[in-house]
Every structure is written in C-alpha cells, then in structure tokens.
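The opening residue of the sequence shown carries number 953 in this note's numbering; numbering runs sequentially from there.
Just so it is clear, CB atoms sit at the ideal spot from N, CA and C, and this is done for glycine as well.
The structure under discussion appears below in the form of structure tokens.
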Amino acid sequence: MEINVAREKFIETWGNLGSSWGINKSVAQVQAFLLLAPDPVSTDELMEALQISRGNTNMSLRQLMDFGVVSKKNVPGQRKEYFVHEKDIWKWAPKIMAVRKQRELNPVLEVLTELKEFSAAGKASIETVFETQVGEIHSFSAKVSRVADKLCSSKSDMLLKLFKLFG
C-alpha cells in the first residue's frame, strides 16, 4: 500500500472511531493528521488536506489544545500559526483520558453520590432495586475513577509494566 493511501485510510478510520467515542469526526481527523505529520502543520494545510472549513479546523485545534495534546509551534520566517501533536502515545493518551474522566465520569459520580443517599429501608421493591442498582453503579464507577486516576498519573514505564501483565 502506498504511503498516501495508508495515511488517508488511517485518518478516515481515526475520524470514524472518534465519532463512535463521542468525539467530533473533524477533531479526530485533525488529531490523526497531526499525529502522522513529521513537521509542524498550518491551519491552511489542515483545511486543504481534510477538506474542512477554517472554523471547523480552528475548533478542532482548540479542543486538541484543551486536551493538552496539541501545541502551537513557531516556524522561523513564517507568520502563520503552526501546530504539532505530541508523538509519544504514553504522554498523550493519559492526557486525553484525564480530560474525558473529568468531563464524563466525574459528573456521573457526583450524581450517583447524591442518589446513593436515598434509603429504601422499609420501602417498596422498586425503591429497593433503585437503591441497589445506584449503589452498585456508584461502586463500580468509583473504582473505574480510581484506576483512571492511577493510569493518568503514572509514568510511561509504569504503564508499560502494567500492560505487560495483561499480555
């Protein structure tokens, strides 16, 4: 397979995967393009390569910068803004995980903690089921949250050792 075909396939696939993970397809495609770029990339280059609007490109870059995985890079002699993506997956994946945890898991845990205060003592079966299920979901979510915290704060060598345990 020729490199350009392979790159296009990766970018398209990453964009589709991003959509299934709740990430805007353009954000995922910009990430994929920058991951594969050997040099800093301008907004214009992204727009042309991905056939997306300037607004969509800027929004995607902003989100990736908010995740902490993309940064601006000054290119001597150039007035345009250029962008680079962290290439080390052991650095960028935990950053994305931490942001997703903060945005998605933490709010759920807050609500579950509040709902867990409900007591079904002496109540009907529907209330008992509610109390049991909320308690179990809270317990599971809290464990996932602690594991995510550990993964996000671990050094890459520790993560590699952990993953080796699972093959």
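Distance between residue j and residue i (C-alpha atoms, nearest Å)
{"i": "residue 994", "j": "residue 1048", "result": "22 angstroms"}
{"i": "residue 1032", "j": "residue 1064", "result": "47 angstroms"}
{"i": "residue 1003", "j": "residue 1044", "result": "25 angstroms"}
{"i": "residue 929", "j": "residue 953", "result": "Not covered by the structure: residue 929. The range shown for the chain is 953 to 1119."}
{"i": "residue 1018", "j": "residue 1095", "result": "26 angstroms"}
{"i": "residue 957", "j": "residue 1057", "result": "37 angstroms"}
{"i": "residue 1029", "j": "residue 1001", "result": "23 angstroms"}
{"i": "residue 1011", "j": "residue 984", "result": "15 angstroms"}
{"i": "residue 1083", "j": "residue 1062", "result": "16 angstroms"}
Beta-bridge partners of residue i, as assigned by DSSP
{"i": "residue 1036", "result": "1023"}
{"i": "residue 994", "result": "1034"}
Close Cβ partners of residue i (< 7 angstroms) along its chain, the five nearest in sequence each way excluded
{"i": "residue 959", "result": "988"}
Close beta carbons around residue i, own chain, < 6 angstroms, minus the five adjacent residues each side
{"i": "residue 980", "result": "966, 967, 970"}
{"i": "residue 1091", "result": "none"}
{"i": "residue 1015", "result": "979"}
Nearest neighbour of residue i, chosen from the options [CA to CA]
{"i": "residue 1041", "options": "1107, 963, 961, 973", "result": "1107"}
{"i": "residue 992", "options": "1011, 1005, 1037, 984", "result": "1037"}
{"i": "residue 1060", "options": "1099, 1079, 982, 1093", "result": "1093"}
{"i": "residue 1100", "options": "996, 1055, 1075", "result": "1055"}
Nonlocal neighbours in the same chain, by C-beta distance under 8 angstroms from residue i, ignoring five residues either side
{"i": "residue 1008", "result": "978"}
{"i": "residue 1104", "result": "1046, 1047, 1049, 1050, 1053"}
{"i": "residue 1026", "result": "1034"}
{"i": "residue 963", "result": "981, 984, 985, 988, 1002"}
Whole-Å CB distance - residue i paired with residue j, under 8 angstroms assumed
{"i": "residue 1081", "j": "residue 1067", "result": "Not quite, the Cβ-Cβ distance comes to about 13 angstroms (not below 8 angstroms), so this is no contact."}
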